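Read through the structure below, which is laid out as structure tokens, and then see the notes.
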Amino acid sequence: MKTDLTDTTASKINKALVLGRRAIGTPAIGMVLTLVIVTDEENAYDALKAASDAAHEHPSRTLVVIRRISRSPRDRTRSRLDAEVRLGADAGTGETIVLRLYGDVVDHAQSVVLPLLLPDAPVVVWWPVNAPLDPARDPLGALAQRRVTDTYACEEPIRELVARADAYAPGDTDLSWTRITPWRSMLAAALDQVDCQVQAVEVEGEEFNPSCELLAMWLADRLDVPVKRSASSGPGLTAVRMDTDCGPVVLDRADGSLANLSIQGQPSRAVALKRRDTAELIAEELRRLDPDDTYASALRYGVDRLNSPAKGESGDRGGAVAAPVGTVAKARAKDAAQEKTPVRKAAAK
Amino acid sequence: MSSSNPLRDPADRRLPRIAGPSGLVIFGVTGDLSRKKLMPAVYDLANRGLLPPGFSLVGFARRDWEHEDFAQVVHDAVKEHSRTPFREEVWQQLIQGMRFVQGTFDDDEAFERLRGTIEELDKAQGTGGNFAFYLSVPPKSFPVVIQQLKKHGLADQSSGSWRRAVIEKPFGHDLKSAEELNAIVHEVFGSDQVFRIDHYLGKETVQNILALRFANTMFEPIWNRSYVDHVQITMAEDIGIGGRAGYYDGIGAARDVIQNHLLQLLALTAMEEPASFDADALAAEKTKVLGAVRLPKDLGRDTVHAQYAAGWQGGEKAVGYLEEEGIDPKSKTDTYAAIKVGIDNRRWAGVPFYLRTGKRLGRRVTEIAVVFQRAPHSPFDTTATEELGSNAIVIRVQPDEGVTVRFGSKVPGTSMEIRDVSMDFAYGESFTESSPEAYERLILDVLLGDANLFPRTEEVELSWKILDPIEVYWDQHGTPAQYPAGTWGPVEADDMLERDGRSWRRP
Chain A
-12 MKTDLTDTTA SKINKALVLG RRAIGTPAIG MVLTLVIVTD EENAYDALKA ASDAAHEHPS
48 RTLVVIRRIS RSPRDRTRSR LDAEVRLGAD AGTGETIVLR LYGDVVDHAQ SVVLPLLLPD
108 APVVVWWPVN APLDPARDPL GALAQRRVTD TYACEEPIRE LVARADAYAP GDTDLSWTRI
168 TPWRSMLAAA LDQVDCQVQA VEVEGEEFNP SCELLAMWLA DRLDVPVKRS ASSGPGLTAV
228 RMDTDCGPVV LDRADGSLAN LSIQGQPSRA VALKRRDTAE LIAEELRRLD PDDTYASALR
288 YGVDRLNSPA KGESGDRGGA VAAPVGTVAK ARAKDAAQEK TPVRKAAAK
Chain B
86 MSSSNPLRDP ADRRLPRIAG PSGLVIFGVT GDLSRKKLMP AVYDLANRGL LPPGFSLVGF
146 ARRDWEHEDF AQVVHDAVKE HSRTPFREEV WQQLIQGMRF VQGTFDDDEA FERLRGTIEE
206 LDKAQGTGGN FAFYLSVPPK SFPVVIQQLK KHGLADQSSG SWRRAVIEKP FGHDLKSAEE
266 LNAIVHEVFG SDQVFRIDHY LGKETVQNIL ALRFANTMFE PIWNRSYVDH VQITMAEDIG
326 IGGRAGYYDG IGAARDVIQN HLLQLLALTA MEEPASFDAD ALAAEKTKVL GAVRLPKDLG
386 RDTVHAQYAA GWQGGEKAVG YLEEEGIDPK SKTDTYAAIK VGIDNRRWAG VPFYLRTGKR
446 LGRRVTEIAV VFQRAPHSPF DTTATEELGS NAIVIRVQPD EGVTVRFGSK VPGTSMEIRD
506 VSMDFAYGES FTESSPEAYE RLILDVLLGD ANLFPRTEEV ELSWKILDPI EVYWDQHGTP
566 AQYPAGTWGP VEADDMLERD GRSWRRP
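Protein chains in written order, with the numbering used here: chain A, -12 to 336; chain B, 86 to 592.
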């Protein structure tokens, strides 16, 4: 069932929730977390759809905070909260409240969200687009145990990654990191099968895809070897080559779904490595709510240290910093105009 | 797996446990279990990215199939029964390692072909000589298959690789036959390489018994004779024996269900806290508690065996057990069994555990009910608490997995009236709608060599020691009672509890 409330308050929304639950006859609630989605009107539909698909695995109360843009000075001074309460079949397995914020209240969204959080249950905030640079200090982010950003969906992913590393607080995580879990697990499985020392790594993938950088940084951090990031036309990540002292180990995925794993001295094997949709990513993200130390450590490795010739040559690291980031930024600026729309799309399709 | 893999980090909890290079050989691959459970489980594991690259699946059966026919059968089975959506690229990964070996169990040539296939897979798929043999075969074929595996060198582990045997219940039909079976299997496979599947132990809810008891503080303090009045463990089925007359007659409900599933549930419910969650520590505690199980003195008084008679089950007419096709009309096989046991230790002395199982009962349900004693003193007068039952914690194993806590609450109104209410935790509500199937978990554990969820030889033998005297008594005394199909068992079972001043829960 669906209840529309115009010009309302959090306590009226709470009342509507109780009434709604009673009306559909399910007073017991088994929801395990509150998911707050902070977005604009444009991305709200897709984000909510992904969240409700993920809710099949994690029944939750989903609060969609939509910040409406005020188009005139008069709008800006009048603040208003509209809400749409969805229960039962309309909300999948949990409850969904879509909150539309107009005017001043846009800057005080936490005052609306706080009374609507489930008692005692963890809170996750997800920004499908336009995440704040310091999520943990954001008033909404401060309410949450877990803050999910998506550097894939922003203008300058590399710069964003650097900012994320600077502002990292335990509980931060990024969907670009979630996207590479299958790659990481397959690479770990590949190294399980050989007893060799990795000497150098190359990560190849499309440009402006921060997942490639994160994977490269994770490998560099764990293996302590130079990692080269090279560009291809995609889709997404296309290959990881690890040079070991007993020959190369290559995981190659040209088409975005079926990869090929070849290890020196072993038959090459097909491996399913499908690019996942946002719902699956969110579901994985909600599975663990404790700080992801591996992410922190990979992120802090630093994008600037990728592509450095070999370890130990930290002397000219400064030079290596400027080169890749600079080129990327330049290329970015060049086709910013036509890239704008696709980059904003969050889904990894 | 090499432990020095720098990409592995215990703190990195996103990375799943992926089995090392390996393959699975299924004997009796044309059977129902294989099509409905094993093949879909293998696919689901692959789809979740938990199988190693190059994982191979070998089918062995009498059918005259080519590899492609086999792949087609697996394809159909997966499409129909798998839990996760069908994805072409996962299928492409799996199909490269699919082989079929045609032959009967006594056919030496077929086993040579099987060996050839395994060697070929090691080369083509990089399975590294690691193979698990899943014996989805009738009990009488166990010895011959095991012997054939030995004879053709299929059970030999070379250094750094493993060969494992997976066997299904029944693990014998009494202590003697179980010991014989164990001797046969262990002659060929080391005891740590034999995995006995009790699919109940792969169920999330069963593993949750341990979490509920040992990860929380609020249950364990009252989990003993000072507060618990009795425990009821029920596994009810609404179906009859179906087409399994040949298997079922002579075995019966107690051997089919109590010996393995219910006694395992009892062990998990009653055992002490294990020192850790590893296989040895768990087995040690389960063995201890199973060893402490004491049978009632008067088996006639505290056990009931019965057969379903004709009746109506859920709106359908059902024939009685003795009228089922292929059943001897004079059969004494039990389709319902209820027993009372005690546990001789400090925690449980004097607390009866009632176990019951049956076919053609009211509905399909498995649950463990821990029923608590009444409050020693009630400040409310008897009319206020007239409708108040005993407090209970019910672990619903299947279906509708979850936990219910039942307690008294005041009925709203001007008078003081207290009535039972229940507080409910449903898995489906709080966790994934699609928890992994038991077989998924168990097959993965076999490939990983993780024996936590598999009963050991000693547990199997102890269970038979508990059940054997009852079976002997039933064999010598009287005939099974009768109960109409679709009810909750014979009146004799109700009388059995009534004599103790208790009653069965209606699950």
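C-beta: ideal position from N, C-alpha, C; glycine also. No experiment lies behind these values; they were computed from the predicted model shown.
Below 7 angstroms on C-beta distance, what does aspartate 280 of chain A contact in chain B?
Residues of chain B with a Cβ closer than 7 angstroms to the Cβ of aspartate 280 of chain A are, in chain order, Ala96.
Closest to glutamate 197 of chain B by C-alpha separation, out of B/Ser463, B/Val230, B/Lys425, would be which residue?
Here the closest residue by C-alpha is B/Val230.
Interface positions of the stretch 197 to 210 of chain A facing chain B (Cβ-Cβ less than 7 angstroms), listed along the chain
Flagged, chain order: Arg209, Leu210.
Flag this pair as touching only if the stretch 103 to 111 of chain B and the stretch 120 to 137 of chain B have three or more C-beta atom pairs under 8 angstroms; answer yes or no.
Short answer: they touch.
Quick check: the stretch 366 to 383 of chain B against the stretch 400 to 416 of chain B, are at least 3 beta-carbon pairs closer than 8 angstroms?
As far as the Cβ criterion goes, the stretch 400 to 416 of chain B does not touch the stretch 366 to 383 of chain B, which means the pair count is below three.
Does chain A have any CB closer than 8 angstroms to the CB of proline 359 of chain B?
For proline 359 of chain B, no Cβ of chain A is located within less than 8 angstroms of the residue's own Cβ.
Reference asparagine 537 of chain B; option with closest CA among B/Asp97, B/Gln292, B/Arg248
Of B/Asp97, B/Gln292, B/Arg248, the smallest CA-CA separation from asparagine 537 of chain B is found for B/Gln292.
Distance check for threonine 165 of chain A and alanine 38 of chain A, CA to CA, integer angstroms please.
When rounded, the distance between both Cα atoms is 15 angstroms.
In terms of residue numbering, what span does the beta strand (DSSP E) encompassing glycine 493 of chain B cover?
Its beta strand (DSSP E) spans residues 487 to 495.
Taking the beta carbon of glutamine 180 of chain A as the centre, do at least 16 other beta carbons fall within 10 Å, making it buried, or is it exposed?
By the neighbour-count criterion, in which a residue is buried when 16 or more other Cβ atoms sit within 10 angstroms of its Cβ, glutamine 180 of chain A is buried.
Which bits of chain A does leucine 100 of chain B rub up against, with CB to CB less than 8 angstroms?
Contact note: leucine 100 of chain B reaches chain A through Thr168, Arg171, Ser172, Ala175, using a C-beta cutoff of 8 angstroms and chain order.
Assign alanine 51 of chain B to buried or exposed, taking buried as 16 or more other Cβ atoms, counted over all protein chains shown, within 10 Å of its Cβ.
Since the displayed chain B opens at 86 and closes at 592, residue 51 of chain B lies outside it and no answer follows.
In the structure shown, what three-state DSSP assignment does proline 342 of chain A receive?
This structure cannot speak to residue 342 of chain A, because chain A is shown only from -12 to 336.
Would you check if the distance between the CB atom of valine 455 of chain B and the CB atom of valine 313 of chain B is smaller than 8 angstroms?
Against a cut-off of 8 angstroms, the Cβ pair of valine 313 of chain B and valine 455 of chain B comes out as a contact.
Would you say lysine 215 of chain A reaches chain B, if we count a Cβ-Cβ gap shorter than 8 angstroms as a contact?
Contact of lysine 215 of chain A with chain B is not assigned, every C-beta pair being separated by 8 angstroms or more.
For alanine 425 of chain B, count neighbouring Cβ atoms within 10 angstroms of its own Cβ and tell me buried if that reaches 16, exposed if not.
The sequence shown places lysine at residue 425 of chain B, not alanine. Label assigned to lysine 425 of chain B: buried.
Go ahead and pull the three-state DSSP assignment for valine 315 of chain A.
Reliability of the predicted coordinates at valine 315 of chain A is poor, the pLDDT of 41 falling under 50, and the value obtained from them is presented with this limitation in mind. If DSSP states are grouped into helix, strand and coil, valine 315 of chain A belongs with the helices.
Does the beta carbon of asparagine 90 of chain B come closer than 8 angstroms to any beta carbon on chain A?
Any Cβ of chain A closer than 8 angstroms to the Cβ of asparagine 90 of chain B would place that residue at the interface, and such an atom is present.
Which of the three DSSP states, helix, strand or coil, is assigned to glycine 306 of chain A?
Confidence at glycine 306 of chain A is low in this model, with a pLDDT of 39, below 50, so the placement of that residue is unreliable and no value is reported for it.
If you draw a straight line from the alpha carbon of alanine 320 of chain A to that of arginine 65 of chain A, how long is it in whole angstroms?
Low confidence applies to alanine 320 of chain A: its pLDDT is 42, below 50, so where it sits in the model is not reliable, and the reading given next is rough at best. Cα to Cα, the separation comes out at about 38 angstroms.
Can a CB atom of chain B be found closer than 8 angstroms to the CB of serine 66 of chain A?
For serine 66 of chain A, the answer is no, since every Cβ of chain B falls outside 8 angstroms of its Cβ.
Secondary structure at alanine 41 of chain A, three-state DSSP: helix, strand or coil?
For alanine 41 of chain A, the secondary structure class from DSSP, reduced to helix, strand or coil, is helix.
Residues that DSSP places opposite proline 235 of chain A in a beta bridge:
Answer is A/Asp230, bridged to proline 235 of chain A.
For the ligand NAD, is there any heavy atom lying closer than 7 angstroms to the beta carbon of glycine 574 of chain B?
The ligand NAD is absent from the structure shown, which contains no ligands of any kind.
Taking 6 angstroms as the limit between beta carbons, can you name the residues of its chain near glycine 338 of chain A, skipping five residues before and five after?
The requested residue 338 of chain A is not part of the displayed model; chain A covers only -12 to 336.
Does the stretch 390 to 399 of chain B come close enough to the stretch 558 to 567 of chain B to have 3 or more Cβ pairs within less than 8 angstroms?
Yes, the stretch 390 to 399 of chain B is in contact with the stretch 558 to 567 of chain B.
Between the C-alpha atoms of valine 114 of chain B and glutamine 253 of chain A, what's the straight-line distance to the nearest angstrom?
C-alpha separation (whole angstroms): 29 angstroms.
Comparing C-alpha positions only, which one of B/Ala296, B/Ile294, B/Val251, B/Thr290 sits nearest to glycine 275 of chain B?
Cα-wise, what sits closest to glycine 275 of chain B is B/Val251.
With a threshold of 8 angstroms between beta-carbons, can alanine 96 of chain A be considered close to chain B, or not?
No - not a single Cβ of chain B is within 8 angstroms of the one on alanine 96 of chain A.
Skipping 5 residues on each side, what residues in its chain have a beta carbon closer than 6 angstroms to that of aspartate 125 of chain A?
Excluding its 5 nearest sequence neighbours in each direction, aspartate 125 of chain A has C-beta neighbours in its own chain below 6 angstroms: Pro119, listed in chain order.
Length-filtered (3 minimum) beta strand (DSSP E) runs lying within the stretch 181 to 250 of chain B
Those beta strand (DSSP E) runs which fall completely within the stretch 181 to 250 of chain B and span 3+ residues are 183 to 187, 216 to 220.
Please classify tryptophan 114 of chain A as buried or exposed, where buried requires at least 16 other C-beta atoms within 10 Å of its C-beta.
That one is buried.
Are the Cβ atoms of leucine 127 of chain A and valine 100 of chain A separated by less than 8 angstroms?
Yes. Within cutoff.
Using a threshold of 8 angstroms, state whether the C-beta atoms of valine 450 of chain B and threonine 319 of chain B are closer than that.
Closer than 8 angstroms, so yes.
DSSP on aspartate 314 of chain B, reduced to helix/strand/coil?
The DSSP-derived three-state label of aspartate 314 of chain B is strand.
On the DSSP bridge list, what partners appear for tyrosine 67 of chain B?
Outside the displayed span of chain B (86 to 592) sits residue 67 of chain B, for which this structure offers no information.
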